[in-house]
Amino acid sequence: MPCFLTPLLFVIALCIGLTPSTSWAEEKRTYVQPLNEVFQTEMVYPQEKGEVQLQLSPKFSEGDKRDLIQVPFAIEYGITDFWQVEAAWYAHVNRNPAGGVTTRGVGDLEVETKYSFMNIAGSNFHAAVGLEIKFSTGDINKELTEGFNEYEPFLALAKDFPEWNHSQVFTEIRIGFLERTQNHADQSEDEAEANDFHLHVGFFIPVGLARLTTELVWITNEWHNQGDENKLFLTPGLVWDLPGTWEWGIGVPIGLNDKSDNYRIITHLIYEFDVF
9 MPCFLTPLLF VIALCIGLTP STSWAEEKRT YVQPLNEVFQ TEMVYPQEKG EVQLQLSPKF
69 SEGDKRDLIQ VPFAIEYGIT DFWQVEAAWY AHVNRNPAGG VTTRGVGDLE VETKYSFMNI
129 AGSNFHAAVG LEIKFSTGDI NKELTEGFNE YEPFLALAKD FPEWNHSQVF TEIRIGFLER
189 TQNHADQSED EAEANDFHLH VGFFIPVGLA RLTTELVWIT NEWHNQGDEN KLFLTPGLVW
249 DLPGTWEWGI GVPIGLNDKS DNYRIITHLI YEFDVF
């Protein structure tokens, strides 16, 4: 069995197996959710049953070798109050290399499933497990994709502090298993098929309608198959609770080492509604 199928089957079986207990969990639901998303970390919060979340998240990355603009659009849906699915499409990617021709077009497609365990044993601790699959649908010869399908099981953890205005500390761990599906016309330009490891830690503090956020993100593949990626970002951000079910946010990941982008700018606009 291919290595990426094991986490896929595990997560699907776990989510299906836990579904019958959802009605009990709903009765015990006590958590407060001050925000929907941060900028580089998967949060533990699930969509409610029948709830849809639409998210537009333009991103700009400034690096020594290229500047990059990405415009992903995502939709999430709550199957139960604790199990959700998501699809995201990079509808536009614009890559401007330091030397060479600017390229633009559509990027990759992502799908995800996540199951959340909220207020574990009546505590302020939460957890979520999930799987994200990225499909290489952009044009590799325009550098709009890296040419891999990627299978990423993840674990997210969080602890609420109700006495501090429902602040939260959170973390996420994920591993990406790569499968090459595209090659450059000159295959010497292909990146190594090296699996990557992600570690995210952060916190947010609600202040009025604002949520002050901070994330520290480390991504590396140097541990596998001669990978040469080792990125480290510190991401201060601001999320604003808009009227109705709207949310807006802006985060600025700052590269902390030579292999990271110098800086990034990430924004998001979120709208939620119930379908029944």
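Number 114 in the working numbering belongs to position 106 of the sequence shown; there are no gaps in the numbering. Note that CB positions come from ideal geometry on N, CA and C, so glycine has one too.
To the nearest angstrom, report how far apart residue i and residue j are at their CA atoms.
i: Gly234; j: Leu250; result: Per the sequence shown, residue 234 should be read as Gln rather than Gly. Going by the C-alpha atoms only, they are around 46 Å apart.
i: Asp236; j: Tyr53; result: 33 Å
i: Thr222; j: Ser175; result: 12 Å
i: Tyr98; j: Met51; result: 20 Å
i: Ile83; j: Gln63; result: 6 Å
i: Val119; j: Phe205; result: 19 Å
i: Glu187; j: Ile141; result: 11 Å
i: Phe284; j: Gln61; result: 14 Å
i: Phe90; j: Leu139; result: 15 Å
i: Pro214; j: Asn173; result: 6 Å
i: Ala96; j: Glu56; result: 19 Å
i: Pro105; j: Thr153; result: 14 Å
i: Asp266; j: Thr110; result: 23 Å
i: Lys239; j: Gln41; result: 30 Å
i: Gly130; j: Gly146; result: 45 Å
i: Gln48; j: Glu160; result: 15 Å
i: His100; j: Ile273; result: 16 Å
i: Gln195; j: Ser268; result: 24 Å
i: Ala218; j: Gly71; result: 30 Å
i: Gly115; j: Ser144; result: 8 Å
i: Glu255; j: His232; result: 39 Å
i: Ile148; j: Gly155; result: 6 Å
i: Leu277; j: Lys73; result: 29 Å
i: Ser124; j: Phe185; result: 23 Å
i: Phe281; j: Pro66; result: 21 Å
i: Thr253; j: Glu171; result: 25 Å
i: Gly107; j: Glu197; result: 16 Å
With distances taken Cα to Cα, identify the nearest neighbour of residue i among the options.
i: Ala200; options: Tyr85, Leu76 and Asn191; result: Asn191
i: Leu207; options: Gly216, Ile183, Lys67 and Pro105; result: Ile183
i: Thr228; options: Asn203, Glu140, Phe211 and Ala218; result: Asn203
i: Lys122; options: Phe47, Glu180 and Ile148; result: Glu180
i: Glu151; options: Arg219, Asp75 and Trp172; result: Asp75
i: Asn270; options: Gly210, Phe68 and Trp231; result: Phe68
i: Leu224; options: Ile148, Phe169 and Ile262; result: Ile262
i: Glu158; options: Gly252, Thr189, Phe125 and Ile128; result: Thr189
i: Thr275; options: Lys73, Glu59, Gly58 and Phe81; result: Phe81
i: Val209; options: Phe125, Glu255, Trp226 and Thr38; result: Trp226
i: Ile128; options: Glu280, Tyr39, Val46 and Asp198; result: Tyr39
i: Pro244; options: Tyr85, Phe211, Glu280 and Lys73; result: Phe211
i: Leu220; options: Val177, Asp198, Ala193 and Gly252; result: Val177
DSSP puts residue i in a beta bridge; with which residues?
i: Pro54; result: Partner(s): none; Pro54 has no beta bridge.
i: His174; result: Per DSSP, none; premise fails for His174.
i: Val247; result: Arg219 and Gly257
i: Ile83; result: Leu62 and Ala95
i: Ile262; result: Leu242 and Tyr271
i: Leu277; result: Leu64 and Trp256
i: Ile141; result: Val119 and Tyr159
i: Glu187; result: Asn157
i: Asp168; result: Gln176
i: Gly210; result: Phe178 and Glu223
i: Glu70; result: Asp75 and Tyr271
i: Val40; result: DSSP output for Val40 lists no bridge partner at all.
i: Ala136; result: Ser124 and Ala164
Just confirm the distance between the C-beta atoms of residue i and residue j, as a whole number of angstroms; I'd bet it's less than 8 Å.
i: Asn264; j: Leu242; result: The sequence shown places Leu at residue 264, rather than the Asn named in the question. With 8 Å as the limit, Leu264 and Leu242 qualify as a contact, their Cβ atoms being about 6 Å apart.
i: Ile87; j: Val93; result: 6 Å
i: Ile77; j: Asn44; result: Wrong, their Cβ atoms sit about 23 Å apart, outside the cutoff.
i: Gly257; j: Trp248; result: 7 Å
Contact the region 159-175 vs the region 133-143: 3+ CB pairs below 8 Å: yes
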